[in-house]
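Q:
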Amino acid sequence: MFNDKAILITGGTGSFGKKFVGCLLKNFKPRRVVVYSRDELKQYEMQQDFDQPAMRYFIGDVRDGERLRTAMKGIDFVVHAAALKQVPAAEYNPMECIKTNVHGAENVIQAALEANIEKVIALSTDKAAQPINLYGATKLASDKLFIAANNMAGGHPTSFGVVRYGNVVGSRGSIVPLFNKLIAEGAEQLPITDPRMTRFWISLQQGVDFVIKSFERMSGGEIFVPMIPSVRIPDLAAAMAPALPTRVIGIRPGEKLHEVMCPTDDSHLTLKFHDHFVIKPTIKFFRRDVDYLTNQIGERGEAVSDGFEYNSGRNDHFLNVDEIREFNKLAVQ
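Here the sequence shown is numbered in the working numbering, starting from -14 and rising by one per residue.
1) Quick test of your reading: alanine 133 and isoleucine 268, contact by CB under 8 Å. State the CB separation rounded to the nearest angstrom.
2) What is the DSSP secondary structure of asparagine 135, reduced to helix, strand or coil?
3) Is the number of C-beta pairs between the segment 54 to 67 and the segment 31 to 39 that are closer than 8 Å three or more?
4) The beta strand (DSSP E) spanning leucine 175 covers which residue range?
5) Can valine 210 and methionine 182 be called in contact, C-beta distance under 7 Å?
6) Buried or exposed: which applies to alanine 203, given that a residue is buried once 16 or more other Cβ atoms fall within 10 Å of its Cβ?
7) What does the Cβ neighbour count give for methionine -14, buried or exposed, with the cut at 16 atoms within 10 Å?
8) Nearest to aspartate 301 by alpha carbon, out of Gln281, Pro219, Phe185?
9) From which residue to which residue does the beta strand (DSSP E) around isoleucine -6 run?
10) Look at the Cβ atom of glutamate 76, then the Cβ atom of proline 238, and state whether they are nearer than 7 Å.
11) Could you tell me whether the segment 81 to 97 touches the segment 47 to 56, using the rule of 3 or more Cβ pairs below 8 Å?
12) Might you give, ordered along the chain, the residues of its own chain that have their beta carbon closer than 6 Å to the beta carbon of cysteine 8, omitting 5 neighbours on each side?
13) Do you know whose CA, among Pro162, Met225, Leu254, lies nearest glycine 292's CA?
14) Does serine 290 pass the burial test, meaning 16 or more other C-beta atoms within 10 Å, or should it be called exposed?
15) Roughly how many whole angstroms lie between the Cα atoms of phenylalanine 303 and aspartate 128?
16) Just to confirm before moving on: does the CB-CB distance between asparagine 101 and phenylalanine 270 stay below 7 Å?
17) Mind checking whether proline 219 and proline 180 have CB atoms under 7 Å apart?
18) Determine the closest residue to alanine 226 out of Ile234, Ala169, Asp251, Asp250, with distance taken between C-alpha atoms.
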């Protein structure tokens, strides 16, 4: 669907953006791919890997609505990946997190409407469901903005959707690179916040593939959630360094024991497909009558049971130590 199309990725120099661009160039023939981000050094470094004629690099911040409007001229599809993501940093710098994650989302929406973008997908996080930290709260607000934007479209052709998934193995600032660093430095133990802690587990490639598939599936207004396994953090430590003991350091500011991607309170809106869930919008769109049970590529879903919750601590699929080791090895290739 991306052949001869123009695609823009906000936060395009991040882990997701680089993998997404690589997949676009490998599997499609896009007319133009615009990387929109604020870090000139990362853009310079990315240009060394991706210098194809279709590539464009725009310095800009999602806080800057005017720059976004300029960057989106002639664009067909947008992936909004830019965000301030570190939970403790958001707790200590709340206004900065709000400016990027909430006001930045507003700017992306307004620019997309003015440019008559065909489809926009915003990346969310499991922390947006029943949030207890500021990062999750801002991403919940962002999710709500993007879903409601389908009502703002009016005569514009733009559709908006959201993709929500869990911890990305090996992404910058995540636990796997931290453990690898400590192991390489000869650490005598690995720090874990709580031995009961669980997390959803997804590779960067799986995340990118799911976003691409969601563009094909979306009608507008959905939150797409992949079915993915969970890991127990002590099992992760054992998989990465079986000879090292662990040290419990306590839960960090704003951190949960378990993550949720489909909350109980949304069970009446949640549909189960063969490899993913869809959370329908809570509001009715004025000019759209969508049957979310059947998506745009003909897949059929079914309503989940009342009270259903997709929780990393009660997942049907947990990876054991050997599976985690193999999964992580494949995830970084």
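All C-beta atoms in this analysis are idealised placements derived from N, C-alpha and C, irrespective of residue type, glycine included. Bear in mind the structure is a predicted one, so any value in this text is a computation, not a measurement.
A: The structure says:
1) For the purposes of this step, residue 133 is taken as residue 148 along the sequence shown, with counting starting at 1. For the purposes of this step, residue 268 is taken as residue 283 along the sequence shown, with counting starting at 1. About 7 Å; that satisfies the 8 Å criterion.
2) In the sequence shown, the residue the question calls residue 135 occupies position 150. Asparagine 135 falls in the helix class under three-state DSSP.
3) no
4) One-based indexing of the sequence shown puts residue 175 at position 190. Element bounds for leucine 175: 175 to 177.
5) Against the sequence shown, residue 210 aligns to sequence position 225. Against the sequence shown, residue 182 aligns to sequence position 197. No, they are not a contact pair.
6) Position 218 of the sequence shown, counted from the start, is the residue given in the question as residue 203. In the sequence as presented, alanine is not what sits at residue 203; that position holds methionine. Methionine 203 should be labelled buried.
7) Start at 1 with the first residue of the sequence shown, and residue -14 comes out as number 1. Counting Cβ neighbours within 10 Å, methionine -14 comes out exposed, since fewer than 16 surround it.
8) The count along the sequence shown starts at 1 and reaches residue 301 at position 316. With distances taken between Cα atoms, aspartate 301 lies closest to Phe185.
9) Indexing the sequence shown from 1 puts residue -6 at position 9. Per DSSP, isoleucine -6 belongs to the beta strand (DSSP E) from -9 to -5.
10) Residue numbering aside, residue 76 sits at position 91 when the sequence shown is read from its first letter. Residue numbering aside, residue 238 sits at position 253 when the sequence shown is read from its first letter. The answer is yes: Cβ separation under 7 Å.
11) yes
12) As a first step, residue 8 must be located in the sequence shown, where it is residue number 23. The residues are Val193.
13) Taking the sequence shown and counting its residues from 1, the one referred to as residue 292 is at position 307. Minimum Cα distance to glycine 292 is reached at Leu254.
14) Counting from one through the sequence shown, the residue named residue 290 turns up at place 305. Looking at its Cβ environment, which holds fewer than 16 other Cβ atoms inside 10 Å, serine 290 is exposed.
15) Here residue 303 corresponds to residue number 318 of the sequence shown, with the count starting at 1. Here residue 128 corresponds to residue number 143 of the sequence shown, with the count starting at 1. Spanning the two alpha carbons is a distance of roughly 27 Å.
16) Position 116 of the sequence shown, counting from 1, holds the residue named residue 101. Position 285 of the sequence shown, counting from 1, holds the residue named residue 270. Result no, Cβ atoms of asparagine 101 and phenylalanine 270 do not sit closer than 7 Å.
17) Against the sequence shown, residue 219 aligns to sequence position 234. Against the sequence shown, residue 180 aligns to sequence position 195. Yes, the Cβ-Cβ distance between proline 219 and proline 180 is below 7 Å.
18) By 1-based counting over the sequence shown, the position of residue 226 is 241. Nearest C-alpha to alanine 226: Ala169.
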